[in-house]
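Here numbering that gives the first Met the number 0 is used: the first sequence runs in plain steps of one and ends on residue 765. The structure appears below as structure tokens.
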Amino acid sequence: MVGYLRKKTYICSLDAIDTKHQKGNRIMEQMNEKQQEAVCHTKGPLLILAGAGSGKTRVLTHRTAYLIDKMGVNPYSIMAITFTNKAAGEMRQRIDEIVGFGSDSIWVSTFHSTCVRILRRHIDFLGFDTNFTIYDSDDQKTVMKDICKRLEIDTKIYKEKFFLSVISSAKDSLINPEEFTLNAQGDFQKQRQSRVYMEYQKVLKANNALDFDDLIVKTVELFMANKEVLDYYQERFQYIMVDEYQDTNTAQFQLIKLLAGKYKNLCVVGDDDQSIYKFRGANIYNILNFEKEFPSAKVIKLEQNYRSTQNILDAANGVIANNISRKDKALWTKNEVGEKVAFHQFDTAYDEADYVAGDIISKVRNAKYEYKNCAVLYRTNAQSRLFEERFIQSNIPYKIVGGVNFYSRKEVKDLLSYLKTIDNARDDLAVKRIINVPKRGIGATTLTRIADYASEKELTFYTALRSAEEIPGLGRSSSKIAPFVLFIQVMRTKLEFLSISQILEEIIEQTGYVAELEAEDTIEAKARIENIDELLTKVVSYEESAETPTLSGFLEEVALVADIDSLDESNDYVVLMTLHSAKGLEFPQVYLAGMEDGLFPSYMSIASDNPTEELEEERRLCYVGITRAKENLSISCARQRMIRGETQYNRVSRFVKEIPKELLEGEIRKEKELEIPETPVYQKAKSAFKAKPMALTQAQPKPFVSVNTGNKILDYAIGDTVKHVKFGTGIVKQIMEGGRDFEVTVEFETAGTKKMFASFAKLQKQ
DNA sequence: TTAAGTTAAGTTTTT
DNA sequence: CTTAACTTAA
């Protein structure tokens, strides 16, 4: 099939590996013993437990080179799977550098794109059309909403999101609707869920669509159902490597197991300490039980860290040591001790953002770092806003990774829906989305009539549109539909001789999409136009990079990108992202912000049914965060923070206290800590939310009000002058009663009006 | 049918 | 505080 492989008969037998004999060997240079061992173990299952920064990507790429150059393996038979396109791209690049000839026939891609590639060829076997569309979470929600309506489920009680998560976790563990139904017997709740699941799959099938989970599930189904196809791929992929193995779910594991079933040359690389996707179905037992699943498996631990300073590594080790369920390992490094870990506690989240911005500026000014050497990491996307504001003020170039995916922005999705409809009008969702964008005077009533007609005749929505005049009850609305259908049809014929970018430009032109936004003349509209321009840029670059650019090809590529993929190291900007997105990356200077109990670890994990397990996952996330830093780590938190418009008072994250004290620069103020009552503050914040304000009028004539707060007594009332340790004197304006505490609003003479918890603020009556 | 206006609900983390 | 969803008037 492929005639260009370099045949070399050099055989590296497993037990004959002696590093001394490998001297002068380019592949083996700069590798420690363990790494070399991993590179040379090419036959049979291999589990590489690679600690953070232990050079696992280097091992994988060198192993690939070794397979080709030394073992004479055809590049065509090698597959490497990662989780993100970015990781795949990086690996591809590094493999290209080291392998050189023939490297482009190696499959380096994500789980999802691997599956898409397979399904595009064979999914017709499962009754889908090979030009299926991929639904993102927005689309899923739309489908689910519709289903709930039809099944008469009150979405006030049962949220769409809930059903979607039930379905998703079922799929993650390879439970199909039929099996789910069987398991649901006798359980009323589950029976309802199974009906929804059934219906959901039916709708997707009718729309010739797959969701993200389906991509994996359907591929597994295909392999199980079609021996020939499985055989073909087993024969093709004789050497399989999986990166970030700790994040695989049951379905993905099954997929790999099937693929590697024949030759069993499966090499997986992972770190159980960096497993942070349990919420997405990642099954930690895939790594913990690898040896049980593959009894002949060889296990190699990579424990030497090449990334971080000793101090940073010790801090990380100190934290992760508190996890009970983990494989034993001890990371060490030859790197220098380095700076201590900086710790700062601020009064407010604004101060925290100020500090980070200021610190970055001074480090850049002193030529210590460039912007791109710095990263700000946080637990939740919402935290990015404060930093963004400050960075704009301070003129710091930045890039925020995550949040709303570029391709799920409204304007981008609208235009993509046009492209989808032109490409393949079987996706009802896309057609419905754009039929009245821009406004064509086609409203809800018309849509329902068409949809009813379509389902009655078993047509797709678009086919129904084409024969609109036959639909009863439409009346003059059908005349409004005709131009739309005509437009789509015309564009389809133009697809023959126009490029994708020209098609997109014509859509923008004909629909007046941008013109409409220009007329709006708001900042928001301008941002949308910019996004549309960016989309055009992406189309053009796709056309330039793809061998044979097709509209379907573009849409497919677009469906599977994550925001992290757009990160470009050549640009000099500070990167802001969640801890989850940061996995796999490294920066000389890292700011870990918002290290507060209730925020990180999140309130959800502390209050969950299984706090131990969830806290361990949060701790792993913290470990990931710390180990991103190469030279400098700065940890910060705020006493007071606005969350959902409410002021919260959080104590320093428990994870900070797990870092050995001697590694920290800057103190965790102990006195403050002791004052914090037994009841965790976030609970008070929660109960205060439901609190009712004590009416101002009620408090007069101002008697001595003493209120029991559980462990404290308020000796002041509204109108009293009080003194605060930091803010000085002020007048009590309002007292809100919470479950266990009081939220007091005080107008200070100098510090302005503040809201604070009574037991926390220690106000002194004057 | 649309646009504006009001109200309710929501924040972990993502391919 | 923000966004989505719902209501009402034109």
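All C-beta atoms, glycine included, are put in the ideal place defined by N, C-alpha and C.
DSSP, reduced to helix, strand and coil, places M594 outside both helices and strands of the structure shown, so it counts as coil.
With at least 16 other beta carbons inside 10 angstroms of its own, S635 counts as buried. Of the candidates I717, I97 and G280, the residue whose Cα lies closest to the Cα of D171 is G280.
Boundaries of the beta strand (DSSP E) harbouring E630: A628 to I642, taken from the DSSP string. DSSP places F342 in the strand class (E or B) of the three-state scheme.
In the displayed model, S136 falls within a helix according to three-state DSSP.
In this chain, the alpha helix (DSSP H) harbouring I360 covers A348 to R364.
In this structure, S76 lies near F236, with their beta-carbon atoms less than 9 Å apart.
Around the beta carbon of E630, 16 or more other beta carbons sit within 10 angstroms, so the residue counts as buried. Looking from the CA of K371, the closest CA among S569, T83, S607 and A637 belongs to S569. Linking R325 to D272 through their CA atoms gives a straight-line distance of about 7 Å.
Counting C-beta pairs closer than 8 Å gives fewer than three between the stretch 654–665 and the stretch 387–401, which falls short of the contact rule. Short of 8 Å from the beta carbon of S498, and not among the five residues preceding or following it, lie these beta carbons of its own chain, in chain order: E542 and P548. The stretch 284–304 makes no contact with the stretch 79–86, as fewer than three CB pairs between them are under 8 Å.
Rounded to whole angstroms, the gap between the alpha carbons of A169 and K69 is 43 Å.
For G269, the enclosing beta strand (DSSP E) has its first and last residue at L265 to G269. For Y276, same chain residues with a beta-carbon under 7 Å away, outside a window of 5 residues either side, are D246 in chain order.
From the listed residues V267, E227, V241 and E198, the smallest Cα separation to F110 is found for V241. For S112, no beta strand (DSSP E) segment is defined; the enclosing uninterrupted segment is the alpha helix (DSSP H) at F110 to H121.
The residue among V589, A86 and V98 with its C-alpha nearest the C-alpha of Y65 is V98. With distances taken between CA atoms, Y377 lies nearest to L575 out of L575, T308, Q35 and F131. Looking at the backbone, the Cα of D270 and that of S307 are separated by about 17 Å.
When N282, F486, E387 and G337 are compared, the shortest CA-CA separation from E351 is found for E387. Around the beta-carbon of M143, 16 or more other beta-carbon atoms lie within 10 Å, marking it buried. Taking C-alpha positions only, Q392 is separated from Y354 by approximately 13 Å. The C-alpha of Y622 lies about 11 Å from the C-alpha of A581.
Just so you know, the alpha carbons of E616 and I625 end up roughly 14 Å apart. Around the beta carbon of R653, 16 or more other beta carbons lie within 10 angstroms, which makes this residue buried. Residue N394 holds the alpha-carbon nearest to the alpha-carbon of V363 among V538, N394 and E508.
In its chain, beyond the 5 residues on either side, Y406, L415 and K537 have a beta carbon closer than 8 Å to the beta carbon of V557. For P74, the closest of T577, T332, G440 and I94 by C-alpha to C-alpha distance is I94. Taking C-alpha positions only, I528 is separated from K297 by approximately 54 Å. Looking at V745, E523, E595 and Y715, the one whose alpha-carbon comes closest to that of G729 is V745.
Annotation: the continuous alpha helix (DSSP H) that includes D532 extends over I522 to S544.
For F187, the number of other beta carbons within 10 angstroms of its own is below 16, and it is reported as exposed. DSSP places Q647 in the uninterrupted beta strand (DSSP E) bounded by E645 to Y648.
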